[in-house]
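See structure below.
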Amino acid sequence: MTETIHLCVMADDFGMHPAVNDGIAKAFCDGLLTDANLMAPCPSFRQAATLARHLHLPVGFHATLTCDWDLYHWGPLTHAPSLVTEAGYFEHLVDLAWSEAKDNEVLAELTAQVEAIEAEELRCTHSSHHMGSDGHGRLLRILAQIGFERVGPLRLGYKASDSDEEAVSIEVYNWDSAFFSTEWTLDYPSRKARLVEALRRMQPGYHLWMVHPALDHPSLDNLCSTAFFARGWARPFRALDQALLLDPEIKDLLSELGIQRIPVDQAPRLAIRSRGPELE
326 MTETIHLCVM ADDFGMHPAV NDGIAKAFCD GLLTDANLMA PCPSFRQAAT LARHLHLPVG
386 FHATLTCDWD LYHWGPLTHA PSLVTEAGYF EHLVDLAWSE AKDNEVLAEL TAQVEAIEAE
446 ELRCTHSSHH MGSDGHGRLL RILAQIGFER VGPLRLGYKA SDSDEEAVSI EVYNWDSAFF
506 STEWTLDYPS RKARLVEALR RMQPGYHLWM VHPALDHPSL DNLCSTAFFA RGWARPFRAL
566 DQALLLDPEI KDLLSELGIQ RIPVDQAPRL AIRSRGPELE
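Below, the structure written as structure tokens:
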């Protein structure tokens with residue numbers, strides 16, 4: 326067993342919005358970020374892909390069947406009537422998205438998303454799902470049809486017994502602790518203190534820190550209406566994650582504790598049988 330503490334710092338939502346893309350790029354170049362999850366259907370996907378190529382930023386396949394916001398939208402790359410609202414956009418709730426989804430349309434759509442990433446000359450180092458999955462193994466079976474050699478091992482996954490007939494044989498990254506993200510509070514000192522506590526508790530092995538960074542830019546306020554239930558996720562929470570990734574005291578603490586940052590594809594892998602869900 327390794328005596329070193331390894332930490333992968335992975336950002337979600339690469340491609341969603343220019344402020345998200347620019348925040349991820351800055352956090353990778355000047356901060357602690359090691360990886361990002363790429364969303365092919367989103368409006369700023371091509372900008373994100375260009376940044377990934379130029380910066381050699383490792384990216385994974387973020388399977389996208391939902392849209393987070395009520396004012397800023399995206400939809401499928403394919404003709405997929407079961408996946409969209411009357412306006413032609415993805416649903417913004419996971420349960421709604423999967424309740425009507427037809428598996429053949431999901432397969433065609435996710436295949437198109439993978440092909441869009443490959444067309445940008447990028448290789449997926451891992452796979453995940455935006456805003457969670459159906460929870461009943463449908464996503465895993467569909468990803469298995471696409472091929473995990475194309476989408477990469479799942480960054481997370483649940484094990485199932487070998488007797489579970491619905492289980493799928495998959496490869497996952499094998500973390501030594503549950504993944505963690507920072508406290509969703511607008512109090513930066515408290516949020517930073519929680520992160521420091523988590524880092525100080527880390528034991529030798531491989532660990533995953535999930536983040537949602539973005540530049541603190543007013544354009545993010547236009548993603549959703551003022552009363553929208555996820556309003557905090559548009560700008561405030563992302564700006565705080567950005568600040569943590571660039572905080573020199575956090576960087577110094579990693580050095581003090583001997584924590585080595587690694588891209589996800591340097592983490593160990595494990596073959597398992599799983600029936601989902603794959604977590605956000």
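Going by the working numbering, the sequence shown opens with residue 326, and the numbers climb by one from there.
From the three backbone atoms N, C-alpha and C, an ideal C-beta is built for every residue, glycine too.
Note that the coordinates shown come from a computational prediction; the quantities given were computed from them, not determined experimentally.
Non-local beta-carbon contacts of Gly348 in its own chain, meaning distances under 6 Å to residues more than five positions away in sequence, involve Pro538, Ala539, Leu540 and Gln567 in chain order. With a cut-off of 8 Å on Cβ pairs, the segment 459-478 is not in contact with the segment 566-583, counting fewer than three such pairs. Leu468 sits in a helix when the DSSP states are folded into three classes. Taking the C-beta atoms as reference points, Leu390 is found nearer than 9 Å to His454. A direct Cα-Cα distance of roughly 12 Å separates Thr450 from Arg594. Rounded to whole angstroms, the gap between the alpha carbons of Val439 and Gly457 is 18 Å.
Of the residues assessed, Phe370 falls on the buried side of the cut-off, its CB having 16 or more other CB atoms within 10 angstroms.
Taking 9 Å as the cut-off, the Cβ atoms of Glu434 and Leu468 do not count as close. Taken atom to atom, the span from the alpha-carbon of Pro406 to that of Thr436 is near 16 Å.
Relative to Ala492, the option among His387, Leu464, Asp428 and Thr359 whose CA is nearest is Leu464. Taking a C-beta distance under 9 Å as the contact criterion, Asp393 and Leu511 do not qualify as a contact pair. As a beta-bridge residue in DSSP terms, Glu496 pairs with Ala596.
Unbroken alpha helix (DSSP H) runs of no fewer than 4 residues, entirely contained in the segment 346-401, are found at 370-380, following chain order. As the crow flies, the alpha-carbon of Ala426 is around 25 Å from that of His342. For Asp590, the secondary structure class from DSSP, reduced to helix, strand or coil, is helix.
With a 10 Å radius around the Cβ and a threshold of 16 neighbouring Cβ atoms, Leu481 comes out buried.
Per DSSP, the unbroken alpha helix (DSSP H) holding Leu582 starts and ends at Pro573 to Leu582. Nearest in C-alpha terms to Ile442, of all of Pro383, Asp572 and Gln470, is Pro383. In the three-state reduction of the DSSP assignment, Thr436 falls in the helix class. Just so you know, the alpha carbons of Arg378 and Ala350 end up roughly 11 Å apart. Separation of the CB atoms of Thr359 and Ile587 is rounded to 6 Å, and the pair is thereby assigned contact status at 8 Å. In this structure, the alpha-carbon of Leu408 lies about 27 Å from that of Glu446. Separation of Asp428 and Gln470 (C-alpha to C-alpha, rounded to the nearest whole angstrom) is 11 Å.
The three-state secondary structure of Leu447, taken from DSSP, is coil. Annotation for Asp337: the continuous beta strand (DSSP E) segment containing it runs Ile330 to Phe339. In this structure, the beta-carbon distance from Ile597 to Val536 does not fall below 9 Å. Assigned with DSSP and collapsed to three states, Gln585 falls in strand.
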